[in-house]
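Engineer: Letter 154 of the first sequence, counting from 1, is numbered 154 in full-length UniProt numbering, and no numbers are missing. First, the structure itself, so that you have it in front of you.
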Amino acid sequence: MPEGHTIHRLAQDYAAAFQGTKPLVTSPQGKFSDAAELLTGSELTRTEAHGKHLFLGFRATDWIHIHLGLFGKVTFGGAPAPPPTDTVRLRLANSTAYVDLRGPTTCALITPAEKQAIHDRLGPDPLRADTDADPQAAYRRISRSRTTIAALLMDQKVVAGVGNVYRAEVLFRHRIDPYRAGKDIAPVEWDAIWTDLVGLMREGVRNNRIDTVRPEHTPEAMGRPPRVDDHGGEVYVYRRANLPCHVCGGEIRTADLAARNLFWCPNCQKP
DNA sequence: GCCCAATGTCGAC
DNA sequence: TCGACCTTGGGCA
1 MPEGHTIHRL AQDYAAAFQG TKPLVTSPQG KFSDAAELLT GSELTRTEAH
51 GKHLFLGFRA TDWIHIHLGL FGKVTFGGAP APPPTDTVRL RLANSTAYVD
101 LRGPTTCALI TPAEKQAIHD RLGPDPLRAD TDADPQAAYR RISRSRTTIA
151 ALLMDQKVVA GVGNVYRAEV LFRHRIDPYR AGKDIAPVEW DAIWTDLVGL
201 MREGVRNNRI DTVRPEHTPE AMGRPPRVDD HGGEVYVYRR ANLPCHVCGG
251 EIRTADLAAR NLFWCPNCQK P
């Protein structure tokens, strides 16, 4: 689930269900019990997302910091809330709704200073492009780096919110070889990548899934069978190893890069 | 039942 | 570069 679009969508969904209310806050699993006790019955005043980090603001200055990691999941439902399972780290419940958080890497009560420190170590987020994201800050790092663009796009200090799917897909959409060094990415190329990420990720928030295939390459347009992929969206290369490229018909390749699976089309994305 | 993979990150060596 | 961490679901016996 969790790339930046998921987290921004969650910020919206938590706000829609709980902002302005004073939910019961519990931690059936126990790992967040002390903080839950401090917060329960206080008002959820706002929510925020930066990259893959989610912040739930209670009262004036209390923040719950959530990071889903690879496995974290969030489930919303209507009242009355069913009995929680014993893996629920955090539950909010009010008179109309409940939401359960399971398996997060982080769920902690933090101060405004600690929250600021998290923002400070994150790069610009394409989903905050209309407020405070500066793509040139990302380019300054990229243009000075001998690291591959594939690795740089996953580095949250460089760009916040891009994960393994958007990384693979945006490089394909711009026909960029994932192994090219950051310093060999031209300013116009970075501008195009950033603009594309803004559009793709906004659509991801809207639809709650990642779709990257242009209309002219959809199954209908190309006269090929509908996708059989199971990750939720229509994509060019992600998890399509050894399958034919939607554009050129060549074989999609996969490789390990920094402990993650990289996918690309060597024919469309030439060095 | 067991084993593996998964849209992530950190810290030890 | 590697293991640790958090949880679920699918494939297989």
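Beta carbons: idealized from backbone N, C-alpha and C, even for Gly.
With DSSP as the reference, please indicate the residues paired to Ala108 in a beta bridge.
Structural biologist: Paired residue(s): His65.
Engineer: Does Phe71 pass the burial test, meaning 16 or more other C-beta atoms within 10 Å, or should it be called exposed?
Structural biologist: exposed
Engineer: What residue does the alpha helix (DSSP H) around Ala16 start on, and which one ends it?
Structural biologist: Gly4 to Phe18
Engineer: Can you look up Val188 in the DSSP assignment and give me helix, strand or coil?
Structural biologist: DSSP, reduced to helix, strand and coil, places Val188 within a helical segment of the structure shown.
Engineer: Looking at C-beta atoms only, is the number of pairs between the segment 58-77 and the segment 171-188 that lie closer than 8 Å three or more?
Structural biologist: Per the Cβ contact rule, the segment 58-77 is not in contact with the segment 171-188 (fewer than 3 Cβ pairs under 8 Å).
Engineer: Which word fits Lys183, buried or exposed, when buried means at least 16 other C-beta atoms lie within 10 angstroms of its C-beta?
Structural biologist: Under the 10 Å beta carbon count, Lys183 is surrounded by fewer than 16 other beta carbons and is classified as exposed.
Engineer: Measuring alpha carbon to alpha carbon, tell me which of Phe18, Val88 and Lys52 ends up nearest Pro28.
Structural biologist: Of the listed residues, the one whose Cα sits closest to Pro28 is Val88.
Engineer: Closest by CA to Ala258, which one among Gln12, Gly199, Ala151 and His119?
Structural biologist: Ala151
Engineer: Report the option in His8, Thr40, Ala11 and Leu10 whose CA atom is closest to the CA atom of Thr21.
Structural biologist: Of His8, Thr40, Ala11 and Leu10, the residue nearest in Cα terms is Thr40.
Engineer: Report back the beta-carbon spacing between residue 298 and Gln156 to the nearest angstrom; my notes put them in contact at under 8 Å.
Structural biologist: Summary: the structure shown does not reach residue 298, with the chain confined to residues 1 through 271, and so no result is reported for it.
Engineer: Since Ala181 and Val158 are thought to touch, with beta carbons under 8 Å apart, how far apart are those beta carbons, to the nearest angstrom?
Structural biologist: Contact check for Ala181 and Val158: beta-carbon distance about 13 Å, past the 8 Å limit, so the pair fails to qualify.
Engineer: Would you mind listing the beta strand (DSSP E) stretches within the segment 183-264 that are 3+ residues and don't spill past its ends, in chain order?
Structural biologist: 253-257 and 260-264
Engineer: Per DSSP, which one or two residues make a beta bridge with His50?
Structural biologist: DSSP output for His50 lists His53 as bridge partner(s).
Engineer: Once DSSP output is grouped into helix, strand and coil, what is the label at Phe58?
Structural biologist: strand
Engineer: Classify Arg9 as buried or exposed, calling it buried when 16 or more other Cβ atoms lie within 10 Å of its own Cβ.
Structural biologist: buried
Engineer: Closest to Val237 by CA distance: which of Arg260, Arg167 and Thr195 is it?
Structural biologist: Arg167
Engineer: Starting from Lys157, follow its DSSP beta bridges and name the residues at the other end.
Structural biologist: Bridge partners of Lys157: none, in fact.
Engineer: When you compare each of Ile252, Glu43, Arg239 and Gly249 to residue 273 by their alpha carbons, which one comes out closest?
Structural biologist: Missing from the structure shown is residue 273; the chain here goes from 1 to 271 and no further.
Engineer: Here's the rule I'm using: 16 or more other beta-carbon atoms within 10 Å means buried, otherwise exposed. How should Ala113 be labelled?
Structural biologist: exposed
Engineer: Can you name the residues that DSSP bridges to Leu38?
Structural biologist: Per DSSP, none; premise fails for Leu38.
Engineer: My output table needs one value for Arg141: the three-state DSSP class, helix, strand or coil.
Structural biologist: helix
Engineer: Just confirm the distance between the C-beta atoms of Leu90 and Phe32, as a whole number of angstroms; I'd bet it's less than 8 Å.
Structural biologist: About 5 Å; that satisfies the 8 Å criterion.
Engineer: Pick helix, strand or coil for Arg102, following the three-state DSSP scheme.
Structural biologist: strand
Engineer: For Arg91, list the residues DSSP reports as bridge partners.
Structural biologist: Thr26 and Asp100
Engineer: So, with DSSP's three-state summary, where would you put Lys31?
Structural biologist: Looking at Lys31 - three-state DSSP - the assignment turns out to be coil, as it is neither helix nor strand.
Engineer: Write down the C-beta distance between Leu253 and Pro266 rounded to the nearest angstrom, noting that I regard them as a contact closer than 8 Å.
Structural biologist: Reading off the sequence, residue 253 comes out as Arg, not Leu. Confirmed, Cβ separation roughly 6 Å.
Engineer: Using three-state DSSP, classify Lys73 as helix, strand or coil.
Structural biologist: strand
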